[in-house]
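Enquirer: Handing you a structure now.
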Amino acid sequence: AQSVSQHNHHVILSEAASLELGCNYSYGGTVNLFWYVQYPGQHLQLLLKYFSGDPLVKGIKGFEAEFIKSKFSFNLRKPSVQWSDTAEYFCAVTLSGGYNKLIFGAGTRLAVHP
Amino acid sequence: GAGVSQSPSNKVTEKGKDVELRCDPISGHTALYWYRQRLGQGLEFLIYFQGNSAPDKSGLPSDRFSAERTGESVSTLTIQRTQQEDSAVYLCASSLALGSETQYFGPGTRLLVL
């Protein structure tokens, strides 16, 4: 069955540190890739997405992600985190022909200390 | 415009009772999705509607779960004879249409079965 793996369940960083959250998926066909973020007490919201084209995509709040097809990966990065980035981050994919249902990873809780 | 809304925001029920959860999608969004997030886990797909038809019910965990949608608006997710393992946050999302469209999530209904 198709799945999404997020390797880091909890990450703790200090402000200004660089961030990279890993995401791998298991599916050999065409995929669309997403990172969603859930800030404390808020809705799940889209951070960035990749459908096609340039494999390096930029999202809101200075986040970016790189799709590496050969590695089935879509890692999320930010060069310098802020306290306000404290949230839970979810990687997700939709499969070509899969009715657009999102398959989510288990999530990564990021805590940024001032 | 208004986002996806869900009600109730919290529901506590006794084992064996039936519950109904409601979702109001963004106006004009033809696609509607239900997901479930159990404690410490990622979101899992339950069911998807395109208009008022449900081409993919593969995620419903048992025959105690059912969902319907009136036209291209409100959807209700019904859980009959609730069990403790049904305790979770139930999230609804909507998107403009099938295909590579971003899904917008509601705030969720937190269900606790005692």
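Going down the list, the protein sequences come from chains A and B. For what it's worth, the working numbering labels the leading residue of the first sequence as 1, then goes sequentially. For what it's worth, the working numbering labels the leading residue of the second sequence as 115, then goes sequentially. By construction, the Cβ of each residue, glycine as well, lies at the ideal position given by its N, Cα and C atoms. Predicted model only: the values in this text are computed from it and were never measured.
1. Determine the closest residue to residue 134 (chain B) out of B:187, B:195, B:209 and B:210, with distance taken between C-alpha atoms.
2. Does DSSP put residue 70 (chain A) in a helix, in a strand, or in coil?
3. Along chain B, which residues have their Cβ under 7 Å away from the Cβ of residue 72 (chain A)?
4. Take residue 49 (chain A) as the anchor and find which of A:60, A:43 and A:39 has the nearest alpha-carbon.
5. State the start and end residues of the unbroken beta strand (DSSP E) segment that holds residue 201 (chain B).
6. Spell out whether any CB of chain A is found under 8 Å from the CB atom of residue 204 (chain B).
7. Give a yes or no on whether the C-beta atoms belonging to residue 93 (chain A) and residue 32 (chain A) are separated by under 8 Å.
8. Which of the three DSSP states, helix, strand or coil, is assigned to residue 96 (chain A)?
9. Could you give the distance in angstroms between the alpha-carbon of residue 222 (chain B) and the alpha-carbon of residue 46 (chain A)?
10. I'd like the span of the beta strand (DSSP E) that includes residue 23 (chain A), first residue to last.
11. Do the stretch 115-131 of chain B and the stretch 15-35 of chain A make contact, defined as three or more Cβ pairs closer than 8 Å?
12. What residue range does the beta strand (DSSP E) around residue 150 (chain B) cover?
13. Identify each residue in the stretch 99-110 of chain A for which the Cβ-Cβ distance to at least one residue of chain B is less than 9 Å, and report them in chain order.
Expert: Taking the definition as stated:
1. B:195
2. helix
3. The contacting residues do not exist; residue 72 (chain A) stays about 17 Å from chain B at best.
4. A:60
5. Counting along the chain, residue 201 (chain B) falls outside any beta strand (DSSP E), and DSSP gives it neither H nor E.
6. no
7. yes
8. coil
9. 16 Å
10. That residue, residue 23 (chain A), is in no beta strand (DSSP E); it is neither H nor E in DSSP.
11. no
12. 145-151
13. 99, 100, 101, 102, 103, 104, 105, 106 and 107
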